[in-house]
Ligand SMILES: [Zn+2]
Ligand SMILES: [Zn+2]
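Numbering (the numbering used here), first residue to last: 215 to 597.
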């Protein structure tokens with residue numbers, strides 16, 4: 215289950231698979247809970263004959279990301295449907311769609327030989343799919359032998375407001391701001407894109423996304439009622455650097471298709487329009503060249519983990535907005551459950567054992583959790 219690349223590991227570092235993982239052992243399949251690199255980033259290092267299971271949309275997002283950094287690994291990909299059990303070797307696996315900042319994220323219920331394990335993957339209970347987590351808590355799997363639980367937010371004071379509350383905050387910001395509102399968020403955080411688009415609809419503004427975000431939305435379009443190029447109050451800014459990138463990859467057709475919903479960076483230079491504009495460091499140069507510069511009438515919102523603001527890319531954005539004296543209003547919520555929600559979830563699952571698998575603060579902040587079995591890396595446990 216999952217082959218994550220530590221987020222703080224150097225990009226080209228290899229040999230990161232734990233030595234306790236026996237690559238030669240017969241392996242029925244590799245289960246990827248969701249398309250975040252700390253859950254699938256070491257996939258290229260696993261034996262190519264291992265089948266890879268995930269959600270279909272998660273598969274598309276992983277392929278998209280791999281395509282940007284090089285080649286998409288040729289593998290035996292198999293896609294599951296939420297709630298439909300699969301027989302994988304001796305294991306019966308039921309993927310359960312869940313609420314997380316990654317799109318198409320799952321918890322995994324694994325049954326074998328009369329035993330039952332639930333892997334939480336990454337989840338939260340305050341996003342747009344929170345009702346799925348609440349429903350599972352109301353009707354948990356019976357007689358769980360073990361719960362493998364993530365604890366990313368243990369010991370942290372990260373904000374865990376609901377996405378719907380964020381929508382309200384963005385609405386207020388959009389109404390209050392005289393000029394444009396620039397927002398920095400992750401293109402693959404679809405909940406946030408939905409939040410921003412809904413806030414635009416409610417406040418009479420138009421959401422302007424970059425080509426990459428448009429590609430993500432187009433890729434996921436068939437999975438439901440998501441914002442996508444072609445809908446009202448949504449435009450795609452066609453910038454030179456991105457166009458060059460897509461053409462170099464042979465994606466000219468995509469660029470041409472997006473031109474129908476496109477807008478030039480130059481058109482965003484006016485602060486009279488009611489734009490909500492996606493901003494990221496890779497857009498700054500093209501924006502500058504076309505006269506898009508922040509002013510004191512504009513606002514900006516860093517809708518990502520605040521820690522990134524302290525890094526070089528964050529500094530770049532910060533000083534760009536400071537130079538124009540734009541108002542800052544950073545609206546964000548965590549992609550992971552709060553400590554309180556983790557505790558409610560753990561109690562609701564009533565598992566015989568709780569095995570921590572993700573998070574740095576289990577030893578202190580996790581001390582109150584029921585039936586914790588703390589394992590060192592590579593230490594086997596018999597269920
Ligand atoms: Zn994670
Ligand atoms: Zn994640």
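Glycine included, C-beta positions come from ideal geometry on N, C-alpha and C.
Neighbourhood of residue i by C-beta distance below 8 Å, restricted to the same chain and skipping five residues each side
i           : result
residue 461 : 469
residue 348 : 339
residue 311 : 269, 296, 297, 318, 319, 320, 343 and 346
residue 230 : 219, 220, 223, 256 and 259
residue 575 : 365, 368, 369 and 370
residue 463 : 281
residue 278 : 429, 430 and 433
residue 242 : 265, 302, 303, 304 and 305
residue 509 : 393, 485, 538, 539 and 540
residue 482 : 394, 422, 451, 489, 491, 501, 504 and 506
Nearest neighbour of residue i, chosen from the options [CA to CA]
i           : options               : result
residue 215 : 333, 480, 505 and 472 : 333
residue 373 : 546, 391 and 561      : 546
residue 443 : 457, 232 and 420      : 420
residue 220 : 254, 236, 580 and 241 : 254
residue 415 : 596, 490 and 315      : 490
residue 515 : 383, 553 and 580      : 383
residue 543 : 262, 398 and 526      : 398
residue 505 : 526, 524 and 534      : 534
residue 407 : 377, 337 and 394      : 377
residue 217 : 336, 509 and 251      : 251
residue 571 : 496, 335, 275 and 248 : 335
residue 379 : 413, 393 and 402      : 413
residue 239 : 471, 597 and 261      : 261
residue 299 : 315, 325, 283 and 284 : 325
residue 248 : 263, 313, 237 and 477 : 313
Sequence-distant residues of the same chain with beta carbon closer than 6 Å to residue i, five excluded per side
i           : result
residue 292 : 265 and 267
residue 270 : 293
residue 587 : 567 and 569
residue 500 : 453, 454, 455 and 479
residue 323 : 308, 332 and 355
residue 555 : 339
residue 435 : 442
residue 289 : 266
Whole-Å CB distance - residue i paired with residue j, under 8 Å assumed
i           : j           : result
residue 512 : residue 538 : 7 Å
residue 317 : residue 404 : 4 Å
residue 492 : residue 422 : 6 Å
residue 205 : residue 475 : Nothing in the structure corresponds to residue 205, since the chain is present only between 215 and 597.
residue 440 : residue 448 : Wrong, their Cβ atoms sit about 11 Å apart, outside the cutoff.
residue 559 : residue 565 : About 10 Å separates the two Cβ atoms, so there is no contact after all.
residue 583 : residue 563 : Actually they are not in contact, since the Cβ atoms of residue 583 and residue 563 sit about 11 Å apart, beyond 8 Å.
residue 639 : residue 497 : In this structure the chain extends from 215 to 597, so residue 639 is not present and cannot be described.
Residue(s) in a DSSP beta bridge with residue i
i           : result
residue 308 : 323
residue 293 : 268
residue 572 : 364
residue 333 : 322 and 362
residue 514 : 396 and 542
residue 302 : 305
residue 489 : 420
Beta-carbon contacts of residue i that lie in its chain and below 7 Å, excluding the five residues immediately before and after
i           : result
residue 280 : 286 and 287
residue 592 : 232 and 234
Any non-hydrogen atom of ligand 4 within 8 Å of residue i CB
i           : result
residue 255 : Looking for ligand 4 in the displayed structure turns up nothing; the ligands present are ligand 1 and ligand 2.
Report task. Flag this pair as touching only if the segment 218-226 and the segment 295-307 have three or more C-beta atom pairs under 8 Å; answer yes or no. Result -> In short, these stretches do not touch, since the Cβ pair count stays below three.
Requested in this report: Pair every Cβ in the segment 517-531 with every Cβ in the segment 418-434, then say whether three or more of these pairs are closer than 8 Å.
Outcome: Under the three-pair Cβ rule at 8 Å, the segment 517-531 does not count as touching the segment 418-434.
Query raised in the report: Can at least three beta-carbon pairs, one atom from the segment 386-402 and one from the segment 354-367, be found at a separation below 8 Å?
Result: Touching, no.
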